[in-house]
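Please read the structure below before turning to the comments.
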Amino acid sequence: MKKYNVAVVGANGAVGEEVLRILEEIEFPLNKLVPLASSRSAGTQIDFNDEKITIKELTNEVFDEEEVEIAIFSAGGSVSAEFAPAAVKAGAVVIDNTSHFRMQENVPLVVPEVNPQDIAKWRETGVIANPNCSTIQMVQALKPLDDAYDLVRVDVATYQATSGAGKSAMEELVKQMQAFFTFSLDEAEIKAFNQQIALNVIPQIDVFMDNGYTKEEMKMVNETTKIMHKEIALSATCVRVPVLRGHSESLTLTFDSDVNANEAREILSKAPNIVVVDDPQKALYPMPKDCVDANETFVGRIREDNYANNILHMFVVADNLRVGAATNAVRIAQKWVEMEG
Numbered sequence: 027m028k029k030y031n032v033a034v035v036g037a038n039g040a041v042g043e044e045v046l047r048i049l050e051e052i053e054f055p056l057n058k059l060v061p062l063a064s065s066r067s068a069g070t071q072i073d074f075n076d077e078k079i080t081i082k083e084l085t086n087e088v089f090d091e092e093e094v095e096i097a098i099f100s101a102g103g104s105v106s107a108e109f110a111p112a113a114v115k116a117g118a119v120v121i122d123n124t125s126h127f128r129m130q131e132n133v134p135l136v137v138p139e140v141n142p143q144d145i146a147k148w149r150e151t152g153v154i155a156n157p158n159c160s161t162i163q164m165v166q167a168l169k170p171l172d173d174a175y176d177l178v179r180v181d182v183a184t185y186q187a188t189s190g191a192g193k194s195a196m197e198e199l200v201k202q203m204q205a206f207f208t209f210s211l212d213e214a215e216i217k218a219f220n221q222q223i224a225l226n227v228i229p230q231i232d233v234f235m236d237n238g239y240t241k242e243e244m245k246m247v248n249e250t251t252k253i254m255h256k257e258i259a260l261s262a263t264c265v266r267v268p269v270l271r272g273h274s275e276s277l278t279l280t281f282d283s284d285v286n287a288n289e290a291r292e293i294l295s296k297a298p299n300i301v302v303v304d305d306p307q308k309a310l311y312p313m314p315k316d317c318v319d320a321n322e323t324f325v326g327r328i329r330e331d332n333y334a335n336n337i338l339h340m341f342v343v344a345d346n347l348r349v350g351a352a353t354n355a356v357r358i359a360q361k362w363v364e365m366e367g
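The numbering used here puts the first residue of the sequence shown at 27, with every later residue one more than the last.
Next up, the structure:
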């Protein structure tokens, strides 16, 4: 089997660290790992496969110098905008975790369980985009049910962990909770979010658009259409909650045909990388604490609507740093290797 030179851009960030862990866990066919970060982090070392590997400075030249074949970017949209073209020019396929390329028409936006065939379009730009974290876990659950019942509308409320805003946001939650226990929460710093996050929920993720929805909410609308190649009416309310890892979503799905909850459970239980956890009488349902470090999406609370035969409700949870970012990126890389190798 051919082995590849793989660069991880943002190797010391929350998502980058997960990418490295997953590459290690699945024994990806690596010839050489090239961890990259800004000049501030260059020179520090990471542990990988029982070795110490030095992080190199991200430059336009490094992709050529290291003969990079696969470049996984997880360092922010502006970094991808500046350096991804150099990686492509050097002959690498770029798998981008940021929002920069997602809605570019000739860039495939891929969730391997849903639209793996789109990976073949990578040659047009050299880039494959990774969707938003909340979109990935949702469409994994939508796809098999759409195939069975013909989905026409989605109403979703998300409960998104602080890790979706980066390491500093997680630290802010921890510091605010520490302040609470010393009776000084009112004095705790509010920086990562525009409101206190400890003991609170914030019904805003990203900036508000002219239509009253946030940018995060509109990402879910637009990305779902692109991934599923289908115009689906979708309304989202995205909420930040005081959880460190694991995004949760409450879904109301409207179909063009009648649905059955037991049948839906069976369909989802056979879907790739979906785990059905659905026995409410035993208090078994998906929760963020149970999905940390997991590469699967958990679905439960599956039930029919009380008033309409064509509506299902369910609760979906996944580790946003893994399923919602790193795992999806590595799975794209695996599929790319299968197709090109």
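For glycine and all other residues, C-beta sits at the position ideal for the given N, C-alpha and C.
Where do the ends of the alpha helix (DSSP H) carrying residue i lie?
i	result
N354	T353 to E366
F89	V88 to E91
K169	C159 to Y175
E249	K241 to M254
G42	A40 to E51
Using DSSP with H/G/I as helix, E/B as strand and the rest coil, what is residue i?
i	result
D212	helix
F207	helix
F109	helix
D316	helix
S125	coil
V137	coil
D236	coil
V303	coil
I145	helix
E95	coil
R3	Lying before the first or after the last residue shown, residue 3 is absent from the chain, which here runs from 27 to 367.
What are the start and end residues of the beta strand (DSSP E) that includes residue i?
i	result
F341	I337 to A344
R291	Run containing R291: none in the beta strand (DSSP E); it sits in the alpha helix (DSSP H), A287 to S295.
A68	First-last for A68: undefined, no H or E at that position.
L260	A259 to R266
I228	Segment: none, I228 is in no beta strand (DSSP E) and carries neither H nor E.
Assuming residue i and residue j make a contact with CB atoms under 8 Å, what is their CB distance in whole Å?
i	j	result
L347	S189	6 Å
A218	A191	6 Å
I98	A355	5 Å
Taking three-plus beta-carbon pairs below 8 Å as touching, is the region 257-264 in contact with the region 149-156?
no
Within 8 Å, do at least three Cβ pairs link the region 83-98 to the region 212-223?
no
Given 8 Å as the limit, is there contact between the region 233-251 and the region 277-285, that is, 3 or more CB pairs closer than that?
no
So, do the region 173-185 and the region 123-139 have three or more beta carbon pairs nearer to each other than 8 Å?
no
Give a yes or no on contact between the region 100-113 and the region 325-334, applying the rule of three or more CB pairs nearer than 8 Å.
no
Three or more C-beta pairs below 8 Å linking the region 285-298 and the region 199-213
no
Specify whether the region 99-108 and the region 68-82 touch according to this definition: at least 3 beta carbon pairs, one from each stretch, less than 8 Å apart.
no
Does the region 57-74 come within contact of the region 307-320, defined as at least 3 CB pairs closer than 8 Å?
no
Are the region 348-364 and the region 154-171 in contact at 8 Å, needing three or more beta carbon pairs?
yes
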